[in-house]
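Read the structure below first, then the notes.
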């Protein structure tokens with residue numbers, strides 16, 4: 815029996831090392847804040863921050879919402895789990911000119927992103943504010959119009975090989991570039 819794999823590439827929010835670490839650290843800080851003798855001030859500030867943050871990160875991981883998908887219709891850029899419907903975008907193949915894998919650095923931290931470059935005149939995506947582009951172009955290492963068509967790879971895993979295979983299957987003429 816021959817097993818075939820689907821050419822569709824899909825990544826869902828779930829448990830990864832960073833998410834599990836944040837949830838575990840939040841649980842430890844929450845437990846410490848509940849110890850007898852902790853100041854009321856620390857509890858009032860810390861419990862919503864650490865308890866709420868840990869619960870939110872758990873919700874994201876357990877939601878299993880689609881973070882990123884490449885299929886025969888184009889690319890689904892999954893939104894923020896807190897406002898998923900309002901921040902999810904679909905980009906059809908006719909609007910896509912390429913894929914860009916890039917990193918945003920701040921201080922010593924670096925966060926990977928995956929984005930699409932789009933043809934001139936493509937309809938705006940949620941969060942694509944032309945007035946904000948002047949600021950964005952100084953903050954990201956990609957053209958400002960790529961930022962709203964990008965998603966941070968956090969709370970999910972990006973499989974570059976499967977992404978490249980799906981793009982090659984559905985739109986072989988569209989390049990996938992990995993920026994340093």
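Numbering (my numbering), first residue to last: 815 to 994.
In this text, a Cβ means the ideal position worked out from N, Cα and C, and glycines have one as well.
Inset, instruction - Report yes if the C-beta distance between residue 835 and residue 875 is below 9 angstroms; otherwise report no. - result: As a working mapping, residue 835 is identified with position 21 in the chain shown. As a working mapping, residue 875 is identified with position 61 in the chain shown. No; because the gap between Cβ atoms is not below 9 angstroms, this pair is not in contact.
Legend entry - The beta strand (DSSP E) enclosing residue 901, as first and last residue numbers: Working through the chain shown from its first residue, we reach residue 901 at position 87. Per DSSP, residue 901 belongs to no beta strand (DSSP E); it is in the alpha helix (DSSP H), 898-901.
Legend entry - Integer Cβ distance of residue 905 from residue 930, believed to fall under 8 angstroms: Locating residue 905 in the chain shown gives position 91, where the first residue counts as 1. Locating residue 930 in the chain shown gives position 116, where the first residue counts as 1. Going by Cβ atoms, the distance from residue 905 to residue 930 rounds to 6 angstroms, so yes, they are a contact pair.
Inset, instruction - Mind checking which residues open and close the beta strand (DSSP E) that includes residue 847? - result: The residue labelled residue 847 in the question sits at position 33 within the chain shown. First-last for residue 847: 831-847, but that is the alpha helix (DSSP H), not the beta strand (DSSP E).
Inset, instruction - For the stretch 869-911, list the beta strand (DSSP E) runs that are entirely contained and at least 3 residues long, ordered along the chain. - result: 880-885, 888-891, 903-906
Inset, instruction - Just tell me which of 850, 845, 878, 898 has its CA closest to the CA of residue 862. - result: For this step, residue 862 is matched to residue 48 along the chain shown. Of the candidates 850, 845, 878, 898, the one whose C-alpha sits nearest the C-alpha of residue 862 is 845.
Inset, instruction - Answer yes if the stretch 983-990 comes into contact with the stretch 945-953, meaning at least three C-beta pairs across the two stretches below 8 angstroms, and no otherwise. - result: no
Legend entry - Three CB pairs or more closer than 8 angstroms across the stretch 934-946 and the stretch 888-906: yes
Legend entry - Whole-angstrom distance between residue 916 and residue 879, CA atom to CA atom: The residue you call residue 879 lines up with position 65 of the chain shown. The residue you call residue 916 lines up with position 102 of the chain shown. Looking at the two C-alpha atoms, the distance is approximately 23 angstroms.
Inset, instruction - Return the chain-ordered list of same chain residues with a C-beta closer than 8 angstroms to the C-beta of residue 957, the five sequence neighbours on each side being excluded. - result: For the purposes of this step, residue 957 is taken as residue 143 along the chain shown, with counting starting at 1. For residue 957, where only same-chain residues beyond five positions count, the Cβ hits under 8 angstroms are 931, 951.
Inset, instruction - Reducing DSSP to helix, strand and coil, say where residue 928 ends up. - result: Counting from 1 along the chain shown, the entry for residue 928 is found at position 114. Reduced to three states, the DSSP call for residue 928 is strand.
Legend entry - Secondary structure of residue 965, DSSP reduced to three states: Locating residue 965 in the chain shown gives position 151, where the first residue counts as 1. Reduced to three states, the DSSP call for residue 965 is strand.
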